[in-house]
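Visitor: Here it is, the structure in full.
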Amino acid sequence: GNPTGAVPQSSHSSLSQRTGVIAQRFDGSQNLEETKDYDRVIVLIGKNRRLLLESFDRISGRAGFIDTAKGRDILKSVLNQHDQPDAFWTKILQIADKEKLGNRIDYRFLLEVYKERLSSKDNFPR
73 GNPTGAVPQS
83 SHSSLSQRTG
93 VIAQRFDGSQ
103 NLEETKDYDR
113 VIVLIGKNRR
123 LLLESFDRIS
133 GRAGFIDTAK
143 GRDILKSVLN
153 QHDQPDAFWT
163 KILQIADKEK
173 LGNRIDYRFL
183 LEVYKERLSS
193 KDNFPR
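This is the structure we're talking about:
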C-alpha cells in the first residue's frame, strides 16, 4: 500500500517532464545542465566510471591527461552516445579542460567531478 497517502508518481515521468523546465535535447542554445541528455550522460559516466578510466588510461599510457578529441571519442564510444553533437561533448569535457594543458583534458578530474555531481543528484530530495 501507500502509507503516506502521497500520490504515486509515474515511473516514466520525471520532475523535468512534469515541470516542462528541462529540454529534451541539447541544441547548443540552452544550458546543457538543463537537458535530459545531460542528466542521462551524467548517470552513464557514473555507472561506467571504471571502464572509462581504463579506456582513458589505456590511450594515454596512464598519464592522467588525454587529447580532448580522443576523450570525446572515448565517451561517445563507451557510453554509446553517438547521436550527440560535438558541442555537447565540448560542454561535458569543458570542466576538465585545463588551459595550461593545451587542448587536453584531465580525465581523472573529469570523472571525479561527474561522480560528485551524480552523488549529489542522487541525494537531492525528490
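The numbers in the numbering used here rise by one with no breaks, and the one at position 59 of the sequence shown is 131.
Each residue gets a CB set at the ideal place from its N, CA and C atoms; glycine is no exception.
Since the model is a prediction, treat every value here as computed from it, not as a measurement.
Quick check: the segment 121–128 against the segment 138–153, are there 3 or more CB pairs under 8 Å?
Guide: Enough Cβ pairs lie closer than 8 Å, so yes.
Visitor: Give me the Cα-Cα distance between Leu-123 and Arg-176, rounded to the nearest whole angstrom.
Guide: The straight-line gap from Cα to Cα measures roughly 20 Å.
Visitor: State the beta-bridge partners of Arg-144 as determined by DSSP.
Guide: Answer is none; Arg-144 lacks a bridge partner.
Visitor: To the nearest angstrom, how far is the alpha carbon of Gly-133 from that of Glu-105?
Guide: Straight-line Cα distance between these residues: approximately 31 Å.
Visitor: Hey, how far is the Cα of Gly-143 from the Cα of Leu-165?
Guide: Their backbone Cα atoms lie some 8 Å apart in a straight line.
Visitor: Assuming Leu-237 and Arg-121 form a contact by the criterion Cβ under 8 Å, report the distance between their Cβ atoms to the nearest whole angstrom.
Guide: Here the chain comprises residues numbered 73 to 198, so residue 237 is not present and cannot be evaluated.
Visitor: What residue range is occupied by the uninterrupted alpha helix (DSSP H) comprising Arg-130?
Guide: Note, Arg-130: alpha helix (DSSP H), 121–132.
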